[in-house]
Amino acid sequence: MSQKPTIELKPNGPLLIKNLETLENSKGERLATETIIALCRCGGSGNKPFCDGTHKKIGFSDERLTQENDEKKKSAVEGVEARNPTVTVTRNGPYEVVGAIELAGQSFAGAHYFLCRCGGSKNKPFCDGTHSKIGFKDDNN
Ligand code: FES
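Using the numbering used here, the letters of the sequence shown correspond one by one to residues 3 to 143.
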């Protein structure tokens, strides 16, 4: 996969990630990727981090209820643009995206950002810390 990876938000559904070479979980395990993968962002999949269609059954809405300043999401971490494009499934938390992966259709562009995967953020697609408040759990990752 030599094309640049991109992340697309499926309306009221998963993240569609194209051309991602490195997907890993909080245990440091590499997860299998294909040219296109669908990662759960409703929090309900039985096959996390991948989408299993549960978002439809639970009526997941990706409506953005607050509009936080996107500048706050930009990382102060030096050199993160130069890192290999990687998505990390953090422990009971969001997807951490490094390596300047384009977030299609969003005005935001950053080298390092966090995307909600618990389904509860009021600032979707970004994490706002709600996973801690609601006790989001993903023991497998
Ligand atoms: S987004 Fe599809 S199962 Fe969660």
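Glycine included, C-beta positions come from ideal geometry on N, C-alpha and C.
query                                                                                                                                : result
Where Leu25 falls, given that 16 or more other Cβ within 10 Å makes a residue buried                                                 : buried
Distance between Lys124 and Ile39 (C-alpha atoms, nearest Å)                                                                         : 24 angstroms
Same chain, Cβ closer than 6 angstroms to Gly46, five either side skipped, listed in chain order                                     : Thr56, Ile60
Chain-order list of residues whose beta-carbon lies under 6 angstroms from that of Leu117 (same chain, five-residue window excluded) : Pro96, Tyr97, Pro127
Pro16 beta carbon near the ligand GDP (any heavy atom closer than 7 angstroms)                                                       : With respect to the ligand GDP, the structure offers nothing, as its ligand set consists of the ligand FES.
Outcome for Lys50 when other beta-carbon atoms lying within 10 angstroms are tallied against a minimum of 16                         : buried
Residue interval of the beta strand (DSSP E) (run including Thr92)                                                                   : Here Thr92 belongs to no beta strand (DSSP E), and DSSP marks it neither H nor E.
Residue interval of the beta strand (DSSP E) (run including Ile103)                                                                  : Taken as a continuous stretch (DSSP letters only), Ile103 belongs to no beta strand (DSSP E), as it is neither H nor E.
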